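Chains as they are written, first to last, in the UniProt record's numbering: chain A, 1 to 304; chain B, 1 to 288; chain C, 1 to 250.
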């Protein structure tokens, strides 16, 4: 058994792969080894896997319904019956946190899908085309950057109406400019590289250069950046929830839960502290993960 | 007479996923007041040898040796603070590309004066005086103007001369030059070499000249160490280089195209596994 | 094969305009190897890039295989006629593309079929075995990378290769291998080379004729025998030849 295992490791780490598949798997395995060497990043990854597991299994593992009110048992401190206590309507905080993880993941996931894609597209096109295209796209980016993110998101939500979907949209629309800048900067360093010139000499058109040659090199730094920004996105989403512009009651969104708890924060600290703790842990996990991904994906970062 | 620098069984190792990688595998040599060339291909460990002497091998790289002495002082794995004192004041280094070794946001004058005062102390005016002297010593025609300019305003050749001036300001005993001329054009190269040659001779310094260019080393140095795969395979007086006995050295020499002896195909070096580990005839190649 | 007349190349706009090449003219016959030598900044690489269409700002006339080219636009036929090998094999291969990806993309762009067989053939041509096909650039040595770059240039089956210092980033023993490979390929495929180099001995080994450049101008065009004898009409040429012979202690 151990024999085959060693040979599989060697098969993956070989310098002379025999097939396309082996080469690709080998590259992934190398990355995984680098990532695994970073203990903190592994810690972050484990937390996030747990979070996803919890979100998937929420109805099965949550001890009670997140919506059932029990006004007689409101604002109970943590006990064996309610592990994390109850809120001002007597709902079990643990169950609400568990169900809330779905909302958090939905927000984070959607924003993480939309914002970097917009940013990547605008940034690489601007950097690669140059000239007036670059000027126009970058000035638009500047306009977005000129407003504080949360204020802009507030304006969007106020205009579109308060709902979780609109909150996500607003966050995504305000989060892309930094990615555009990053992608443009990367593109500028890449576009005069010899391998781009070589591809051009093979007759590769601008679309092909952009998609097959420039994007793969920009994406890795974007992924790192997104992972590091996740914490901020969670906090912004929580902020919108806190201001009543995101998830609407009775949805167990973590930011809205803090908002609900703030009236009682001095006497019944757990109502606000528990969702706060959850946000803190998940944010931290994303940050650690981002650090680890930088080791793997960003050839310039840290490792020299 | 004690040599300026004495190195015995120097090893530099790096842990990698595939096991321990030995960049330098037990080399020994002595350096006197001479120009010692270290030649080899990329990956032969020649640059790593220079870095090891200067204490610039970064963790997780490890340096071990039987001994490594500068005069009477051991400089093997000294703490960084003491090593920094030695670098600069007793051993200096000139790197390949001056663009990367000069600070782009400081004027050249400030950098030379700072480098000088760091090691020799003294006031600003004394430092400035010394800086002017040094620039004159490396044959810069308008030293006053160069003192006020920034690194991007000077050419590659001038930048390299300025680096040499900076490195020589504290009167070191040993100068380690790692490919000091390979980023320069041939015409500028001769000038820079002349300056280095004169300074080394006049001040009685020891020079370690690391290069991949066999002919250059043969013409410029007194003695040549030829490195292959982290070991010294041959030590020769520079004038005897063309009578080298080791097949690796011969192979390298033959693979160079020559203007005076045209051939249809260049002989290609056939590497032999035995070169890596064969017992060397001249086991103690150091001798002064 | 190649005719360049009154070529001017510049960068930037007045008042910061830099004239990199000034009225350069030369012709290269089919099957010939032509060298461009000079020190850094003399404009020798710039000429190659202008021919290849990598620099839009030039004037004069460039004819490749009897067809004039304009600006930085080149048609498909041009890419099938002329290809380029770059100086630094560490910068000319995309770090995330395997050898297989590089070559198959090139072949597809050139509209070739039977890609599997052609890749194998190309790798054999440049002296790399099948085992190299799925490697990434970081798994290759400098010489192997340059071989891949040459294979990429050959994929289009061009007749003219523009070589921009193809060996200056390599060790001398590897340089010998690459130069031999280039000689063999020239013979097998009947190629025409234009080779830029700062190393006179390399040019002397490879080329039939050469142009000596300084400050963007072609000082003189000489044949290789004159170079070997150390004869130049210009002082600068003789100086260049003398200093390339090595270092003489002052």
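In this text, a Cβ means the ideal position worked out from N, Cα and C, and glycines have one as well. Since we're looking at a predicted model, the values are computed, not measured.
Please tell me whether residue i has its Cβ less than 8 angstroms away from any Cβ of chain A.
i	result
residue 92 of chain C	yes
residue 136 of chain C	yes
residue 193 of chain C	no
residue 11 of chain C	no
Tell me which same chain residues have a C-beta within less than 7 angstroms of the C-beta of residue i, skipping the five on either side of it?
i	result
residue 103 of chain C	119, 122, 151, 152, 155
residue 236 of chain A	149, 150, 153, 171
residue 93 of chain C	102, 137, 145, 148, 149
residue 10 of chain C	17, 18, 19, 20, 57
Residue i to residue j, Cα distance in whole Å?
i	j	result
residue 243 of chain C	residue 200 of chain B	22 angstroms
residue 178 of chain B	residue 52 of chain A	53 angstroms
residue 104 of chain A	residue 95 of chain B	53 angstroms
residue 111 of chain B	residue 212 of chain B	30 angstroms
residue 49 of chain B	residue 8 of chain B	12 angstroms
residue 285 of chain B	residue 240 of chain B	Any reading at residue 285 of chain B needs caution, since the residue's pLDDT is 45, under 50, leaving its predicted position unreliable; the model's value is listed next. Cα to Cα, residue 285 of chain B sits roughly 15 angstroms from residue 240 of chain B.
residue 152 of chain B	residue 116 of chain B	22 angstroms
residue 250 of chain B	residue 41 of chain B	14 angstroms
residue 31 of chain C	residue 47 of chain C	20 angstroms
residue 144 of chain A	residue 263 of chain A	34 angstroms
residue 79 of chain C	residue 208 of chain C	25 angstroms
residue 85 of chain B	residue 130 of chain B	20 angstroms
residue 310 of chain A	residue 103 of chain B	Absent from the structure is residue 310 of chain A, since the part of chain A shown begins at 1 and ends at 304.
residue 26 of chain C	residue 235 of chain C	21 angstroms
residue 198 of chain A	residue 49 of chain C	11 angstroms
residue 214 of chain B	residue 178 of chain C	19 angstroms
residue 97 of chain A	residue 252 of chain A	7 angstroms
residue 270 of chain A	residue 232 of chain A	23 angstroms
residue 113 of chain A	residue 221 of chain A	15 angstroms
residue 110 of chain C	residue 135 of chain C	22 angstroms
Shorter than 8 angstroms from the beta carbon of residue i to some beta carbon of chain B?
i	result
residue 148 of chain C	no
residue 238 of chain C	no
residue 227 of chain C	yes
residue 210 of chain C	no
Does residue i have its Cβ less than 8 angstroms from a Cβ in chain C?
i	result
residue 215 of chain B	yes
residue 89 of chain B	no
residue 265 of chain B	yes
residue 109 of chain B	no
residue 285 of chain B	Confidence in residue 285 of chain B is poor, its pLDDT being 45 and thus under 50, which makes the residue's placement unreliable; the coordinate value appears in the next sentence. It does not; no Cβ of chain C falls within 8 angstroms.
residue 193 of chain B	yes
residue 180 of chain B	no
residue 299 of chain B	Limits of chain B in this structure are 1 at one end and 288 at the other, which puts residue 299 of chain B out of reach.
residue 211 of chain B	no
residue 302 of chain A	Residue placement at residue 302 of chain A cannot be trusted, given a pLDDT of 37 that sits under 50; what the coordinates show is reported in the next sentence. Output row for residue 302 of chain A: interface = no.
residue 183 of chain A	no
residue 14 of chain B	no
residue 194 of chain A	yes
Leaving out five residues before and five after residue i in sequence, what residues of the same chain have Cβ atoms less than 6 angstroms from its Cβ?
i	result
residue 63 of chain C	3
residue 88 of chain C	169
residue 246 of chain B	233, 234
residue 70 of chain A	90
residue 276 of chain C	No statement about residue 276 of chain C is possible, as the shown extent of chain C runs from 1 to 250 and does not include it.
residue 97 of chain B	183
Excluding the 5 residues preceding and the 5 following residue i in the sequence, name in chain order all residues of the same chain whose CB lies nearer than 8 angstroms to its CB.
i	result
residue 300 of chain A	For residue 300 of chain A, the pLDDT reaches just 45, beneath the cut-off of 50, and the residue's location in the model is therefore unreliable, although a value from the coordinates is still provided. Taken in chain order, the list of residues that qualify is empty.
residue 72 of chain B	2
Residues in the stretch 30-46 of chain B with C-beta within 8 angstroms of chain C's C-beta atoms, listed in sequence order? 41, 42
Closer than 9 angstroms, Cβ to Cβ, to anything on chain B: give me those residues from the stretch 162-191 of chain C, in chain order. 170, 171, 172, 173, 174, 175, 176, 177, 179, 180, 183, 184
Residue ranges of each beta strand (DSSP E) within the stretch 170-225 of chain B, 3 or longer: 174-178, 206-211
At a CB distance below 7 angstroms, what residues from the stretch 30-54 of chain C approach chain B? Give them in sequence order. 39, 40
Closer than 9 angstroms, Cβ to Cβ, to anything on chain C: give me those residues from the stretch 206-232 of chain A, in chain order. 208, 212, 213, 216, 217, 220
What are the uninterrupted segments assigned as beta strand (DSSP E) that are 3 or more residues long and contained completely in the stretch 99-182 of chain B, given in chain order? 174-178
3-residue-minimum beta strand (DSSP E) runs that sit fully inside the stretch 12-52 of chain C, ordered along the chain: 18-28, 33-37
Please specify which runs of the alpha helix (DSSP H), each continuous and at least 4 residues long, are wholly inside the stretch 72-136 of chain A, giving them in chain order. 93-129
By the 8 angstroms beta-carbon criterion, what residues does the stretch 10-22 of chain A contribute toward chain C? 15, 16, 17, 18, 19, 20, 22
In chain order, each alpha helix (DSSP H) run of at least 4 residues that lies wholly inside the stretch 132-177 of chain A: 149-160
Taking any Cβ of chain A, which residues in the stretch 59-89 of chain C have a Cβ under 7 angstroms from it, in chain order? 76, 79, 83, 84, 86, 88
Complete beta strand (DSSP E) runs within the stretch 121-203 of chain C (minimum length 3 residues, chain order): 160-164, 192-197
Ranges of the alpha helix (DSSP H) found wholly within the stretch 19-80 of chain B, counting only runs of at least 4: 46-53
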